[in-house]
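Residue numbers for the sequence shown follow the working numbering, so the first one is 7 and each next one is one higher. All residues carry an ideal CB built from backbone N, CA and C; glycine is no exception. Bear in mind that the values here come from a model prediction, so they are computed numbers and not experimental data.
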Amino acid sequence: MKFKRNFCIVAHIDHGKSTLADRLIQKAQIIDDRQMMNQILDNMDIERERGITIKSQAVTIPYHAKDGFDYELNFVDTPGHVDFSYEVSRAIASCEGALILVDASQGVESQTVSNLYMAMEQDLSIVPVVNKIDLPSADIPSVKHQIDHDLGLDPEEAVLVSAKTGEGIDDLMEAIVTKFPAPEGNPNGKAQALIFDCHYDEYRGVIIHIRMKEGRIKKGDSIRFMSNNADYKVEQIGIFRINYEETGVLEAGDVGYIVAGCKTVSDVKVGDTVTLSNDPAESPLPGFKEVKPVVFSSIYPMDSNDYEELKESMEKLKLNDASLIYEKDNSLALGNGFRCGFLGLLHLEIIQERLERDYDQSVIFTAPSVQYRCTLTNGEEIIVDNPTEFPESKIKEAQEPYISASIITPAEYIGSVMSLCTEKRGEQKNMQYLDEKRVELIYEMPLAEVLFDFYDRLKSYSRGYASFDYELIGYRITDLVKVDMLINSKPVDALSFLAFRAEAVTRAKKVCERLKDEISRQQFKIAIQGAIGSQIIARETVNPVRKDVLAKCYGGDITRKRKLLEKQKEGKKRMKMVGNVELPQSAFLAVLKEKED
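Structure, rendered in structure tokens:
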């Protein structure tokens with residue numbers, strides 16, 4: 007065991023985690039140069055297209071150290087976005103050490119700090135790494151000062167590397183072996199393994215990713231999941247070498263996978279403990295903190311007959327993405343579906359894309375909202391995240407979630423960033439200069455304001471340099487109203503949303519404008535309205551398609567023309583009473599997408 011090291015690579019977005027992982031894999035020569043490609047661990051199409059990491063990936067590589075011994079290094083490449091911080095927290099829980107990467111040109115950013123705190127909570131050994139030292143804009147002395155000042159780590163211990171060129175990788179490998187502790191645990195004790203991830207394979211059932219804490223599990227053993235006492239027989243067991251490499255046995259300190267013919271998706275839970283059926287451990291390992299979703303939205307199949315398929319797909323997706331939370335839901339306009347909780351808007355987008363690509367589901371998402379707390383007139387407290395459940399007439403007061411947002415930005419963009427935060431009902435709590443170029447702003451603001459276009463606008467105002475991190479700090483009283491969208495005087499429940507009263511009119515106008523662009527013209531006039539209760543606050547009209555009934559009327563008395571027009575008017579009136587307006591799927595999506603101003 008003393009020749010094993012388990013560590014993870016954490017950092018802010020785009021600081022070079024996946025590229026560093028490439029260099030470590032290349033150095034270990036576990037695959038030949040012909041198969042090597044950039045970001046080799048990002049194996050989903052979406053990750054490659056967007057250039058981001060979404061799933062943590064574990065790999066085991068061999069390393070021959072300067073002391074003459076052969077070591078086995080297990081490392082996890084993690085995502086950087088705040089929406090996937092639950093992935094990072096799980097990776098951290100299965101390691102003893104963490105490499106904190108800092109970009110030599112950007113310096114310490116907000117996600118770097120929050121990842122450091124996460125690693126400290128788990129008592130990991132931390133080695134700072136300064137990456138991208140080959141860039142012309144690299145400022146190593148300044149970054150070292152930030153590592154000392156912002157992170158409180160020893161800047162002299164920082165390893166200088168360039169993940170792109172491979173410079174400094176040997177020093178980093180030595181630092182990993184010398185500075186990270188070996189895993190603890192007794193290979194001869196009772197088997198205990200923590201499930202830190204899993205995914206579904208069409209041919210082999212659920213593939214479970216585990217970190218062995220105690221004892222050993224080998225091929226042919228009968229294993230038990232401690233949360234529900236389900237027993238399975240191990241068919242294959244091994245380690246991750248980009249592909250799966252069968253080893254036949256895993257013992258304390260190892261990170262690897264188990265295939266046990268597990269077809270029942272609901273039996274496997276991330277954070278559960280695996281032990282042996284014939285000699286079980288006394289108690290399960292502490293799992294992971296429960297994930298707290300912040301954004302809620304409903305998913306419905308395009309065709310209501312596909313509900314069962316969507317249900318199966320959601321179960322399989324939940325296996326691979328433990329931060330997804332969902333329950334059954336139904337709507338008058340769209341039929342049966344699911345109410346889901348996400349960790350952010352990017353998370354919502356990724357889930358939507360994965361459902362469409364990996365599972366061939368055509369789905370409709372409703373407008374995202376946050377959880378509100380409402381006190382009713384009879385004193386009862388309820389939590390509302392779905393506009394259809396909002397009890398308008400019985401509400402005494404409503405509270406909305408607030409966040410403490412930390413924004414680190416270059417000093418020259420401070421004006422536009424502050425005006426953006428004020429526009430979003432933010433309250434400035436603190437402002438400090440981290441050095442002569444960078445400022446940290448602390449704002450308290452409603453979470454609902456951050457949902458839509460806040461992040462995109464922050465990036466464009468600061469030319470991409472500002473970084474943003476937030477945490478929930480509790481609930482505060484707000485003036486909340488429910489806005490119903492009426493199409494042809496009929497409410498469409500899937501389009502209604504909750505909003506702050508002062509902003510309800512502008513948001514309703516925006517939604518009306520977007521729907522007008524999406525709804526095709528009919529033979530009659532269609533009114534698109536936004537309403538609070540019985541009061542109409544916004545309206546757009548889709549003009550009718552008109553047949554020219556006067557074409558055959560040439561000359562003669564005006565009354566002939568009038569008669570034909572009156573007849574047409576009557577027909578349109580009758581049509582309006584029976585006519586239904588079909589809402590295309592693009593209309594639901596258009597409401598979600600913010601229109602570029």
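From this set, the options, which residue's C-alpha is nearest residue i's C-alpha?
| i | options | result |
| --- | --- | --- |
| residue 295 | 310, 223, 202, 528 | 202 |
| residue 5 | 133, 549, 570, 565 | Within the shown structure, residues of the chain are numbered from 7 to 603, placing residue 5 beyond reach of any answer. |
| residue 55 | 356, 456, 384, 383 | 356 |
| residue 283 | 234, 300, 207 | 234 |
| residue 382 | 376, 404, 10, 392 | 404 |
| residue 126 | 95, 488, 196, 82 | 95 |
| residue 59 | 359, 70, 93 | 93 |
| residue 326 | 204, 335, 238, 333 | 204 |
| residue 416 | 271, 560, 431, 474 | 474 |
| residue 401 | 421, 431, 321, 483 | 483 |
| residue 271 | 216, 210, 285, 229 | 210 |
| residue 156 | 39, 552, 444 | 444 |
| residue 87 | 534, 564, 352, 495 | 352 |
| residue 248 | 455, 45, 490 | 45 |
Residue range of the beta strand (DSSP E) that residue i falls in?
| i | result |
| --- | --- |
| residue 245 | 242 to 247 |
| residue 72 | No beta strand (DSSP E) holds residue 72; DSSP gives it neither H nor E. |
| residue 642 | Nothing can be reported for residue 642: it is not among the residues displayed for the chain, which extend from 7 to 603. |
| residue 201 | 198 to 207 |
| residue 150 | No beta strand (DSSP E) contains residue 150, which is instead part of the alpha helix (DSSP H) from 146 to 155. |
| residue 231 | 228 to 231 |
| residue 394 | Segment: none, residue 394 is in no beta strand (DSSP E) and carries neither H nor E. |
| residue 377 | Run containing residue 377: none; DSSP gives neither H nor E here. |
| residue 405 | 401 to 416 |
| residue 237 | 236 to 239 |
| residue 257 | 255 to 257 |
| residue 262 | 261 to 265 |
| residue 282 | 279 to 282 |
| residue 217 | 211 to 220 |
| residue 46 | That residue, residue 46, is in no beta strand (DSSP E); it is neither H nor E in DSSP. |
| residue 133 | 131 to 137 |
| residue 387 | 387 to 390 |
Are the beta-carbon atoms belonging to residue i and residue j less than 8 Å from one another?
| i | j | result |
| --- | --- | --- |
| residue 347 | residue 302 | yes |
| residue 182 | residue 11 | yes |
| residue 310 | residue 504 | no |
| residue 532 | residue 543 | no |
| residue 219 | residue 266 | no |
| residue 457 | residue 413 | no |
| residue 78 | residue 13 | no |
| residue 22 | residue 107 | yes |
| residue 670 | residue 514 | Residue coverage of the chain in this structure runs from 7 to 603, which leaves residue 670 outside it and unanswerable. |
| residue 138 | residue 144 | yes |
Check the Cβ-Cβ distances between residue i and every residue of chain C, and say whether any is below 8 Å.
| i | result |
| --- | --- |
| residue 66 | The displayed structure is made up of one protein chain only, and chain C is not part of it. |
Just to confirm the assignment, what range does the alpha helix (DSSP H) spanning residue i have?
| i | result |
| --- | --- |
| residue 519 | 507 to 524 |
| residue 185 | 175 to 185 |
| residue 10 | Unbroken run through residue 10 is the beta strand (DSSP E), 10 to 17; no alpha helix (DSSP H). |
| residue 33 | 23 to 34 |
Contact the segment 447 to 454 vs the segment 421 to 428: 3+ CB pairs below 8 Å: With contact defined as three or more Cβ pairs closer than 8 Å, the segment 447 to 454 and the segment 421 to 428 are in contact.
Sequence ranges, alpha helix (DSSP H) only - wholly within the segment 522 to 585, length at least 4: Taken in chain order, the unbroken stretches of alpha helix (DSSP H) that lie wholly in the segment 522 to 585 and span 4 residues or more are 564 to 584.
At a cut of 8 Å, does the segment 18 to 35 reach the segment 218 to 228 through at least three beta carbon pairs? Judged by Cβ distances under 8 Å, the segment 18 to 35 makes no contact with the segment 218 to 228, as fewer than three pairs qualify.
Segments of 3+ residues assigned as beta strand (DSSP E) that fall wholly inside the segment 294 to 332: Taking only runs of at least 3 residues, the beta strand (DSSP E) segments lying wholly in the segment 294 to 332 are 301 to 307.
At 4 residues or longer, what runs of the alpha helix (DSSP H) sit wholly inside the segment 49 to 122? For the alpha helix (DSSP H) assignment, the uninterrupted runs of no fewer than 4 residues enclosed by the segment 49 to 122 are, from N- to C-terminal side, 51 to 56, 91 to 99.
Could I get the ranges of all uninterrupted beta strand (DSSP E) runs contained in the segment 339 to 371, with 3 residues as the minimum, in chain order? Correct list: 341 to 348, 369 to 371.
Below 8 Å, can you find three or more Cβ-Cβ pairs linking the segment 239 to 253 to the segment 175 to 186? Fewer than three beta-carbon pairs drawn from the segment 239 to 253 and the segment 175 to 186 are found closer than 8 Å, and the two stretches are therefore not classed as touching.
Do the segment 460 to 469 and the segment 499 to 516 touch if we need at least three Cβ pairs shorter than 8 Å? Touching, no.
Entirely within the segment 418 to 493 and at least 4 residues each: give me those alpha helix (DSSP H) ranges in chain order. The segment 418 to 493 is shown to contain whole alpha helix (DSSP H) runs of 4 or more residues at 420 to 429, 453 to 457, 460 to 467, in chain order.
Per the contact definition of three or more C-beta pairs closer than 8 Å, is the segment 351 to 367 in contact with the segment 378 to 394? The segment 378 to 394, when compared against the segment 351 to 367, does not touch it at the 8 Å Cβ threshold.
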